[in-house]
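Student:
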Amino acid sequence: MIHRLRDLDVLRAACGDDDLVMWTAQDLRGQARAWALGNAVVAGAPRISLHDRLAVWGDPDDPDDAVELVRHALAELGPTFRPLGERELMRRVAAGLEGVRESGAFSWMSLKAAPAAPPPEVGWLGGEADQEVAALLAGDAPTSYAVPGAPGVRRWAGVRVGHELAAVAADAWSAPSVGLLAGVATAARFRGRGLAERVCGWVSSQLVATHGRAALMVDDVNTAAVKVYERIGYRRRPVLACQVTGPDPAGVQMMAR
8 MIHRLRDLDV LRAACGDDDL VMWTAQDLRG QARAWALGNA VVAGAPRISL HDRLAVWGDP
68 DDPDDAVELV RHALAELGPT FRPLGERELM RRVAAGLEGV RESGAFSWMS LKAAPAAPPP
128 EVGWLGGEAD QEVAALLAGD APTSYAVPGA PGVRRWAGVR VGHELAAVAA DAWSAPSVGL
188 LAGVATAARF RGRGLAERVC GWVSSQLVAT HGRAALMVDD VNTAAVKVYE RIGYRRRPVL
248 ACQVTGPDPA GVQMMAR
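With the working numbering as the guide, the letters of the sequence shown map in order to residues 8 to 264.
1) Taking C-alpha atoms, which residue in A195, G134, A141 and E75 lies nearest to N46?
2) Mind reading off the beta-carbon distance from R162 to D178? Whole number of angstroms is fine, and I expect it under 8 angstroms.
3) Since A182 contacts A32 with CB under 8 angstroms, what's their CB separation in whole angstroms?
4) Just reading off the beta strand (DSSP E) that R40 is part of, what are its end residues?
5) Check whether the stretch 202–209 touches the stretch 38–57, taking contact to mean three or more Cβ pairs, one atom from each stretch, closer than 8 angstroms.
6) Per DSSP, what kind of secondary structure is R198 in: helix, strand or coil?
7) For A192 and chain C, any beta-carbon pair shorter than 9 angstroms?
8) Tell me whether T193 is buried or exposed, calling it buried when 16 or more other Cβ atoms sit within 10 Å of its Cβ.
9) What's the C-alpha gap between A21 and R40?
10) I'd like to confirm the pairing. Which residues does DSSP put opposite A177 in its beta bridges?
11) Check R11 in the structure and name its three-state DSSP category.
12) What residues in its chain sit with their C-beta under 6 angstroms from that of V140, if we drop five residues either side in the sequence?
13) When we look at the beta-carbon of D34 and count the other beta-carbons within 10 Å, is it buried (16 or more) or exposed?
14) Can you tell me the Cβ-Cβ gap for V160 and C249, rounded? I've got them flagged as a contact below 8 angstroms.
15) Going by the CB atoms, is the gap between L18 and W115 shorter than 9 angstroms?
16) Rounded to whole angstroms, what is the Cα-Cα separation between S211 and A62?
17) By Cβ distance below 7 angstroms, which residues in the same chain neighbour G23 in space, the five residues on each side in sequence not counted?
18) For V233, which residues in the same chain have their Cβ closer than 8 angstroms to its Cβ, ignoring the five residues on either side in sequence?
19) Over what stretch of residues does the beta strand (DSSP E) that includes Q138 continue unbroken?
20) Considering only their Cβ atoms, is the gap separating V191 from L118 smaller than 9 angstroms?
21) For V239, which option in R220, V251, L91 and T252 has the closest C-alpha, if you only look at C-alpha atoms?
22) Please classify R268: is it buried, with 16 or more other beta-carbons within 10 angstroms of its beta-carbon, or exposed?
23) How would you write the range of the alpha helix (DSSP H) that G103 sits in, first residue to last?
24) Quick check on L27: does DSSP put it in helix, strand or coil?
Below, the structure written as structure tokens:
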């Protein structure tokens, strides 16, 4: 029987405190939902890191419960939600659901201990720096999901060279027990100085102090960024996202919302 999980502590116990699931659940309020069945758990929330996301946790060698939970969750939440989770599990979930296909592989990285001795020259920026941050992102990281003023993007940190903003990173879409690092960018003329690593290390220490751990999402092809995050102490997990492509597996037609 499928059980609705309404409490974060209950969800934590059900999924073994999996950081991807706990992040996706956010605070389990509003439109966020979570369910458990057998050896599987799913949690979904709308508009986190730009998308309606549904984290899936289960046994890749026995994916039937996960398949059934994703089917149930899509019926409840709608076909705009994107299931994601450990790569082999999601391949089997997609194979078991008509109308769901694989859409993108990337890495989820998490950090449980704050980096040592964060640099003192990095700090949180005030709202008066939003235009500078936006300009840096537009010029040097135009595909960033996090931008100043976007819902869920809480605050920005940066480092300056002289009076010029040289590198930034954001606390964005953080959940009670998982802080998310996003919006990492360095102005092109200041690259090669380790500024992104300084900012990311400092923000990561703040997220761990506030939430107990930090996490981020990174494209697998961005090997330079992956190396920076690994030096800070992040551990990498390959994940796969899926999407509904036609009449959805719960019998609900695709719709925009």
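All C-beta atoms in this analysis are idealised placements derived from N, C-alpha and C, irrespective of residue type, glycine included.
In this text the structure is predicted, and so the values were computed from the model without any measurement.
Tutor: Looking at the coordinates:
1) E75
2) 5 angstroms
3) 7 angstroms
4) R40 to L44
5) no
6) coil
7) Going by chain labels, chain C is absent from the structure shown, which holds only one protein chain.
8) buried
9) 14 angstroms
10) W163 and A189
11) strand
12) P155, W163 and V175
13) exposed
14) With a Cβ gap of about 25 angstroms, V160 and C249 do not count as contacting.
15) no
16) 22 angstroms
17) none
18) S114, M116, V225, D227 and R243
19) Run containing Q138: none in the beta strand (DSSP E); it sits in the alpha helix (DSSP H), D137 to D147.
20) no
21) In the sequence as displayed, the identity of residue 239 is Ile instead of Val. Residue R220 is the option with its Cα nearest to I239.
22) Nothing in the structure corresponds to residue 268, since the chain is present only between 8 and 264.
23) R94 to G103
24) helix
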